[in-house]
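Reviewing the structure listed below.
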Amino acid sequence: MFLIVVGLNHRTAPVQVRERFSFTPTQARELLVELKRRSGVEAVVLLSTCNRTEFYLLLSKEVARTAVIEVISRRAGVEFETGLKPYLYAHTERNCVKHLFRVASGLDSMVLGETQILGQVRDAYHLALEVGATESYFNALFQQALAVGKRVRVETGIDRNAVSVSSAAVELVRQALGSLAERTVLIVGAGKMGELTVKHLVANGVAGVIVSNRSFDHARELAARFGGRAVRFDELYEQMLDADIVISCTAATHYVIHAGAVAEVMRRRGGRKLFLIDIAVPRDVDPEVGKLPGVTLYDIDALSKVVDENYAARRQAAVQAEAIIEEEVDKFLRRQAERAVVPVIAALKERGEEIKQRELKRALNRLGPLTPQQQKAVLSLANSLVNQLLHDPIVRLKELALTTRGHVYAETLQELFNLEIEKAEARSECSSGGKS
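Here the sequence shown is numbered in UniProt numbering, starting from 1 and rising by one per residue.
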């Protein structure tokens, strides 16, 4: 058997190429069924996200790899040599297992340590399982990948630090205001970054959303997405009286929030704190606003600094994560290799026992009546011969099971001794070696 992953991702292919190889759940289901029917394809899982498309395959014939690539190229409507080959990567055996564990742990993602990929790996595996495209080894492989992904996040905390401007803004707000429950956010402008920040705030418990924009229609559209209310732009400072958080992200070329007006707002707020996030470039908020009592102001540079610091923390956590993955790869491959040779060793011992019993019966018939002591001596001799003959092959097979060619030795032993082993039991598992 031959384990391989072939795919492309954000590092190897631009978005205009990746989108050609992006598959909906329905398309993925059809593709899995088609590939599983191909001769030599024992199992296949398709992981398709906005940043990667990967086919994990267990092949009984290496030539099936070419057939699989032909199917992928045809489905995407491209020529392999020009439309796929330049962007494709492949990892086999141990490196395939390691790659999957890294993907599930978020170490191969565009955003280091992101959590969404773990759910995407789980969904990809469940879909393959549902259509009957997996088998025992792949079930063990993907279940272990999901467990490793969870372990990495729990033990390293790689996903705890915000690494986007919008999530960093939420982190700063929570530090300043504590619980976000029952808080109200006022968004000024309808930019994408501001919308993302409001989305994160709402997900973290913010109760009220007010949208103010020079285009009242745009304000209403954004407010509707968050169950909030739209107000006209000239009501901006009046609405600050009720807001706890103000996010500004207009396309103006000048300040739209001025210190004098905010000072009057703070006087009327009766000492309640106000948190402002200025995501716009050029800035929307006069820097003097941040000097007012009770006001906290963060601009894009301050948020970027938080992101940089947090990303450094994630990179440090990634070092620990890589060590965990190496350990888990070794454990998984050792466990699977040992399981792979168990039925071969059992069948070999059974064959030795069959031969021993047959030859014992023949010898005892030829020898005629023997005393109990003589029978014991003959039986002991037969046991000793079989055990000593099989001892070295069994010991060596266990040792070789952990090498690159372990499965080859197991299959060779089956052929040499003509061992009968059920296909499900004889599945040659991946060894601890590999190449890419």
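In this text, a Cβ means the ideal position worked out from N, Cα and C, and glycines have one as well. Since the model is a prediction, treat every value here as computed from it, not as a measurement.
Among the options, the one whose alpha carbon lies nearest that of residue i
i, options, result
"residue 20", "6, 84 and 32", "84"
"residue 380", "369, 360 and 399", "360"
"residue 176", "123, 154, 244 and 126", "244"
"residue 242", "207, 77 and 214", "207"
"residue 10", "372, 30 and 87", "87"
"residue 218", "273, 189, 263 and 79", "189"
"residue 246", "119, 170, 282 and 410", "170"
"residue 227", "328, 211 and 240", "211"
"residue 112", "56, 309, 315 and 145", "315"
"residue 348", "311, 312 and 397", "397"
"residue 324", "102, 93 and 199", "102"
"residue 306", "393, 204 and 165", "165"
"residue 94", "418, 415 and 406", "406"
"residue 26", "100, 106, 128 and 62", "128"
"residue 220", "368, 73, 195 and 100", "195"
"residue 205", "215, 192, 174 and 388", "174"
"residue 197", "178, 182 and 172", "172"
"residue 215", "233, 1, 30 and 225", "233"
"residue 12", "276, 29, 73 and 89", "89"
"residue 120", "378, 24, 333 and 301", "24"
"residue 108", "62, 137, 236 and 51", "51"
"residue 387", "289, 352, 367 and 327", "352"
"residue 237", "224, 180, 261 and 225", "261"
"residue 122", "69, 147 and 98", "147"
"residue 72", "31, 42 and 61", "31"
"residue 40", "67, 18 and 209", "67"
Residue i - DSSP class collapsed to helix/strand/coil
i, result
"residue 23", "coil"
"residue 424", "Here residue 424 scores only 38 on pLDDT, less than 50, and its place in the model is too uncertain to base an answer on."
"residue 184", "strand"
"residue 380", "helix"
"residue 334", "helix"
"residue 429", "Because residue 429 sits at a pLDDT of 38, beneath the cut-off of 50, its placement in the model cannot be relied upon, and the following sentence gives the value as read from the coordinates. Coil."
"residue 250", "coil"
"residue 312", "helix"
"residue 391", "helix"
"residue 232", "strand"
"residue 213", "strand"
"residue 303", "helix"
"residue 277", "strand"
"residue 295", "strand"
"residue 263", "helix"
"residue 417", "helix"
"residue 190", "coil"
"residue 202", "helix"
"residue 408", "helix"
"residue 370", "coil"
"residue 467", "For the chain, the structure presents residues 1 to 436; residue 467 sits outside this window and is missing."
"residue 402", "coil"
"residue 268", "helix"
"residue 178", "coil"
"residue 290", "helix"
"residue 352", "helix"
"residue 436", "Confidence at residue 436 is low in this model, with a pLDDT of 40, below 50, so its placement is unreliable and no value can be given for it."
Cross-strand partners of residue i (DSSP beta bridge)
i, result
"residue 9", "52"
"residue 219", "DSSP, once it has assigned bridges, lists no residue as partnering residue 219."
"residue 397", "Residue 397 is not bridged to any residue."
"residue 157", "Its beta-bridge partners do not exist; DSSP assigns none."
"residue 208", "184"
"residue 4", "57 and 92"
"residue 257", "285"
"residue 245", "185 and 275"
Any non-hydrogen atom of the ligand FAD within 7 Å of residue i CB
i, result
"residue 409", "Of ligands this structure carries none, so the ligand FAD is not represented either."
Would you call the region 334 to 349 in contact with the region 401 to 416, where contact means no fewer than 3 C-beta pairs closer than 8 Å? In short, these stretches touch, since the Cβ pair count reaches three.
Would the region 253 to 269 and the region 124 to 139 be scored as touching if the rule is three or more Cβ pairs under 8 Å? no
Where are the alpha helix (DSSP H) runs, 4 residues long or more, that stay fully inside the UniProt domain "Glutamyl-tRNA reductase N-terminal" (6 to 156), in chain order? 15 to 18, 25 to 36, 64 to 76, 93 to 104, 116 to 130 and 136 to 156
Pairs of beta-carbons, one from the region 38 to 47 and one from the region 56 to 76, closer than 8 Å: are there three or more? yes
With a threshold of 8 Å, are at least 3 pairs of Cβ atoms found where one atom belongs to the region 150 to 166 and the other to the region 64 to 82? With the cut-off at 8 Å, the region 150 to 166 and the region 64 to 82 do not touch.
Check whether the region 273 to 285 touches the region 306 to 322, taking contact to mean three or more Cβ pairs, one atom from each stretch, closer than 8 Å. no
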